[in-house]
Amino acid sequence: LDLYDSGASHHMSPYRDKFISFQETPPRPLNAANQQLFQATGMGDIIISVPNDPAPSSQIRL
878 LDLYDSGASH HMSPYRDKFI SFQETPPRPL NAANQQLFQA TGMGDIIISV
928 PNDPAPSSQI RL
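Whatever position you read off the sequence shown (first residue = 1), add 877 for the numbering used here.
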């Protein structure tokens with residue numbers, strides 16, 4: 878299960894293979910909510926499927 882906040886201005890995903898576009902960037906340190914440090918290594922677009930029960934799912938580009 879993946880969770881994304883559609884109201885957020887930036888999103889992160891560890892699933893590089895799910896990006897439909899991706900541009901590598903120099904590694905950039907980021908702190909998680911628990912203060913664990915990790916590196917952002919690029920940016921791009923990802924398509925997620927949003928359930929709309931009982932209607933078919935919608936595709937959203939983040």
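Beta carbons are placed, not taken as given, at the ideal position from N, Cα and C, and that holds for glycine.
These numbers were taken from a predicted model, which means no experiment stands behind them.
(1) Leaving out five residues before and five after S898 in sequence, what residues of the same chain have Cβ atoms less than 8 Å from its Cβ?
(2) Using the three-state DSSP reduction, which class does D930 fall into: helix, strand or coil?
(3) Please work out which residues of its chain come closer than 7 Å, Cβ to Cβ, to G914, disregarding the five sequence neighbours upstream and downstream, and give them in chain order.
(4) Does A885 get closer than 8 Å to chain C when you measure Cβ to Cβ?
To lay it out plainly:
(1) So the qualifying residues of the chain are G921 and D922.
(2) Three-state result, D930: coil.
(3) A quick correction: the sequence has Leu, not Gly, at residue 914. Counting only Cβ-Cβ distances below 7 Å, and skipping sequence neighbours, we find P906 and N908.
(4) Judged by its chain identifiers, the structure shown contains no chain C, having just a single protein chain.
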